[in-house]
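*Asks:* Handing you this structure, nothing more for now.
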Ligand SMILES: [Zn+2]
């Protein structure tokens, strides 16, 4: 071979090599891009959909940002395609992993949308526990997701419906009384509507600044508004021949301390706790509660007087605070003689609701 032939050969070989390279590089792209259908999705998402042979199926549906993000981030799991297209996208860190975690826990897209729309800031709680029927709590207005574990536990241990479970746990009934409580500020303590129980404490130094004497005995005091209402209540009773007497109105923290400790010495703490409040936890320190009795000789309220009180006291702003059959909620034995001033409007609502004030407060007043 002469050098000319060699050169021609090299040229031919070079052309063949370049052609092969071009064919290898270009042909697959050409195949991919034809037919060049317009896509609602990004190039990357579209490619994955086509590779998985589900582009046509997905293309018929409305655009889903959720699906696109999952595809873009390589977090797409085939079996959840249908769910992805129905889940509302939210701009949060780690959206894709959040969705997949919930789907892996068997949450439906309806549940996930509900969670994303309502509990976005508390979503970790749900991510860290097994699937729960979150929609069952949907209409329970006092549901607090931060107490979810407690609801589930209490629900397991008791036979109440979910609504009751939520309210009871919110009150604190799944905990031992006094084990966890909120202490009000001096300012909060002045509120006529304040709830005081084994989970809500008054400051030790709280003393109402508007105490006035009751006409029955000048040493018996209530806050002005409550004292005036009590006189009206008493007079209304007299008109119907229901005569009762106050015997334990306002009590200071110090007095309650002496009283409770005396009971504790006699009966022991466990029993004393069923009928006497520990200092700071008594409604009597509010100057809004008074015990009444049917005679100034005995410390009882007759059934007749109790029934009258049940039907009438709210009209003057008082409720029976520890009614019969509610000991499991109020944490006190029935005390028909103990009435608490709330003002006519609220007392009427509480009366009409048939709830204890502990329940009413949680459902209608706390955090509202
Ligand atoms: Zn009392």
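In the numbering used here, the protein residues as written are 377 to 744. We put the beta carbon where it would ideally sit given N, CA and C, even for glycine. Remember, it's a predicted structure, so these values are computed and weren't measured experimentally.
(1) Using the Cβ count rule (16 or more neighbours within 10 Å means buried), how would you classify residue 665?
(2) Please determine, among 516, 677, 658 and 699, the residue with the shortest C-alpha to C-alpha distance to residue 619.
(3) Could you tell me which residues DSSP pairs with residue 647 in its beta bridges?
(4) Sort 581, 605 and 587 by Cα distance to residue 632 and report the nearest one.
(5) How many angstroms separate the CA atom of residue 419 from the CA atom of residue 470?
(6) To the nearest angstrom, how far is it from the Cα of residue 501 to the Cα of residue 491?
(7) Is it the case that the Cβ atoms of residue 612 and residue 688 are separated by a distance below 8 angstroms?
(8) In chain order, which continuous runs of the alpha helix (DSSP H) of length 4 or greater are located wholly inside the stretch 573-657?
(9) When we look at the beta-carbon of residue 707 and count the other beta-carbons within 10 Å, is it buried (16 or more) or exposed?
(10) Bridge partners of residue 711, per DSSP?
(11) Buried or exposed: which applies to residue 663, given that a residue is buried once 16 or more other Cβ atoms fall within 10 Å of its Cβ?
(12) Hey, which residues come within less than 5 angstroms of ligand 1, measuring from Cβ to any heavy atom, in chain order?
(13) Could you have a look at residue 558 and say whether DSSP puts it in helix, strand or coil?
(14) Grouping DSSP H, G and I as helix and E and B as strand, with all else coil, what is residue 408?
(15) Look up residue 665 in the DSSP assignment and give the residues it is bridged to.
(16) So, for residue 682: in the same chain, excluding its five sequence neighbours on each side, which residues have a beta-carbon less than 6 angstroms away from its beta-carbon?
(17) Under a Cβ-count criterion, where at least 16 other Cβ atoms within 10 Å of its own Cβ denotes burial, should residue 674 be classed as buried or exposed?
(18) Taking only three categories from DSSP, how would you classify residue 517?
(19) Given this structure, state the Cα-to-Cα distance separating residue 527 from residue 615, to the nearest angstrom.
(20) Taking contact to mean at least 3 C-beta pairs separated by less than 8 angstroms, is the stretch 593-607 in contact with the stretch 716-736?
(21) By the three-class DSSP mapping on this structure, what secondary structure does residue 736 have?
(22) Got a sec, what are the start and stop residues for the alpha helix (DSSP H) residue 452 sits in?
*Replies:* Reading off the structure:
(1) Looking at its Cβ environment, which holds 16 or more other Cβ atoms inside 10 Å, residue 665 is buried.
(2) It is 677.
(3) Looking at the DSSP output, residue 647 shares a beta bridge with no other residue.
(4) Ranking 581, 605 and 587 by Cα distance to residue 632 puts 581 first.
(5) C-alpha separation (whole angstroms): 22 angstroms.
(6) Distance between residue 501 and residue 491, taken at the CA atoms: about 11 angstroms.
(7) Against a cut-off of 8 angstroms, the Cβ pair of residue 688 and residue 612 comes out as a contact.
(8) The stretch 573-657 contains these whole alpha helix (DSSP H) runs: 600-615, 629-643 and 645-651.
(9) It is buried - the Cβ of residue 707 has at least 16 other Cβ atoms within 10 Å.
(10) Residue 711 is bridged to 698.
(11) Residue 663 is buried by the Cβ-count criterion.
(12) Every residue passing the under-5 angstroms Cβ criterion appears here: 667 and 714.
(13) Residue 558 falls in the strand class under three-state DSSP.
(14) The pLDDT assigned to residue 408 is 48, lower than 50, so where the model puts this residue is not dependable, and the model offers no usable value.
(15) Its beta-bridge partners are 716.
(16) Shown here for residue 682: same chain residues with a beta carbon closer than 6 angstroms to its own, the five before and five after excluded, namely 712 in chain order.
(17) A residue is called buried once 16 or more other Cβ atoms fall within 10 Å of its Cβ, and residue 674, having fewer, is exposed.
(18) In this structure, residue 517 counts as coil in the three-state DSSP scheme.
(19) Those two C-alpha atoms are separated by around 48 angstroms.
(20) The stretch 593-607 vs the stretch 716-736: in contact.
(21) Helix at residue 736.
(22) Unbroken run through residue 452: none, as it is neither H nor E.
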